[in-house]
Amino acid sequence: MPENLHRALDVDSHALRIVHRINELGSITAAARSLGYSQPAVSQHLKRLEARLGMPLVAKAGRGVRLTEAGRILARHAATVTQALDAAAGELSDLAGLRSGRVTLAAFPSASATVIPTVLRGLSQRHPGVQLNYLEAEPPEAVRAVRDQAADLAITFSYTGDQADPHRQSAQGLTVVPLWRDEMLVVVPREHPLAGRDRIDLALLADDQWIGGCPRCRAHLLDLATRSGFSPSISYETDNVVAVFGMVAAGLGVALVPALAIAASPLPAGIVARPTAGGDFRTIHLVGTEGAESIPAVAATIRAIGEIDAAPWSLVGADREHPPGAALAR
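Counting the sequence shown from 1 gives a position; the working numbering is that position plus 758.
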């Protein structure tokens, strides 16, 4: 196709719809009426298109008009193009109206049994056409999933003042919004000398055996113990909170766990959980990319997370100036 003719065919959808309707109705007036345009506006569209193509598209036929051969060629392809445009408009409308769409949410294990089911259930009931996907991952991996576009949003956590916190570096360049504070609790056997106290000073556990997580996961325990003046003796290593509770119940040691983990796996008989003397918390965050809230399904997920009543899991509201959606939009 000559380059000038190729450029001439770069026409708007209005012109294509006009040619298509003239072919169907045999009249410029009828075509204009069916499209909601004025007859002069349709005539002007045709004249401009004919000028660009350098050939006539319509010819008089009695009281009406008929398409020329060039007009019939354009009308034949216009039908396909306008149908595709209508289909695209319908799909976009479904997406905007949350009748379709997809969102992937990532979060850490103790959220999987508490926060996440509430979010997913609410979204599936409110927007059944949206496909929901969930990825369980610790904060650094969840943040990486957002950065790599494997997840749209991530619920993560970090520890205030903990210089070893892996969240500090991994979330740089993304939007991080505080959601709640999750209190850290000391778990000890019921017969432990400190079990009857309302709060436990960590320094008094300096001589106890500790049950800790993997080297990365125990970083906060080490940081907190250092600030309390001791180095914990970690005899048993597991990230499985049920195993931690079993070991504490067996008298093998003590542990530091978040309240959300206890909400996910209730304490067995024989052990108790107490706040630390100084009050220790981790902050739970929502992490996303800039502009994430412009995607309808993602925006709906942000709203659902922001509306959660976290009280049943002993989570308390974090200090924030704006709700999650507004903060992600900043």
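A virtual CB, placed ideally from N, CA and C, is assigned to each residue, including glycine.
Only buried fits E1051, as 16 or more other CB atoms lie within 10 angstroms of its CB. Across the structure, H835 and L807 are spaced so that their CA atoms are roughly 15 Å apart. Under the 8 Å Cβ criterion, the segment 977-989 does not count as touching the segment 949-957, having fewer than three qualifying pairs. The bridge partners DSSP lists for Y994 are I969.
Ranked by Cα distance from P867, the first of E1065, I1042, A1062 is I1042.
Of the residues R1061, P1016, L937, the one whose Cα lies closest to the Cα of N998 is P1016. For R939, there is no enclosing alpha helix (DSSP H); the enclosing beta strand (DSSP E) has its first and last residue at 933-947.
By the C-beta density criterion, S916 is buried, having at least 16 other C-beta atoms within 10 angstroms.
Secondary structure of E1065 (DSSP, three-state): coil. Counting along the chain, no beta strand (DSSP E) covers A961, and no H or E run does either. Note that the C-beta distance between P951 and A1007 is not below 8 Å.
In the three-state reduction of the DSSP assignment, L815 falls in the coil class, being assigned neither a helical nor a strand state. Cβ-Cβ distances below 6 Å link L1073 to W938, D940 in the same chain, with the five nearest sequence neighbours on each side left out; the list follows chain order.
Its chain contains T872, L1018, A1021 as the residues whose beta carbon lies nearer than 6 Å to that of W1071, once the 5 sequence neighbours on both sides are disregarded; these appear in chain order. Checking the DSSP bridge columns, you'll see A864 partnered with L893, A912. Your pair R810 and L793 does not check out as a contact, with CB atoms roughly 20 Å apart and the cut at 8 Å. Excluding the 5 residues flanking it on each side, V1056 has same chain C-beta neighbours closer than 8 Å at V861, D910, L911, G1046, A1050, in chain order. By DSSP's assignment, L1044 forms a beta bridge with I913, V935.
When secondary structure is reduced to three states using DSSP, A833 falls in the helix class. The beta-carbon distance between A1035 and D959, rounded to whole angstroms, is 4 Å. This is short enough to meet the 8 Å contact definition. Rounded to whole angstroms, K818 and A773 show a C-alpha spacing of 19 Å. For a cut-off of 8 Å, the C-beta gap from F1003 to A961 is around 24 Å, too long to register as a contact.
Here the C-alpha atom of W968 lies approximately 16 Å from the C-alpha atom of P1033. The residues F1003, A1007, in chain order, have a CB closer than 6 Å to that of P1026 in the same chain once the five nearest residues on each side in sequence are set aside. About 5 Å separates the Cβ atoms of S785 and G822, confirming a contact at the 8 Å cut-off. Within the model, the alpha-carbon separation for A1069 versus A837 is close to 57 Å.
When rounded, the separation of the alpha-carbon atoms in D966 and A1001 is 18 Å.
In this chain, the beta strand (DSSP E) harbouring V1030 covers 1029-1033. DSSP, read as helix, strand or coil, puts L804 in helix.
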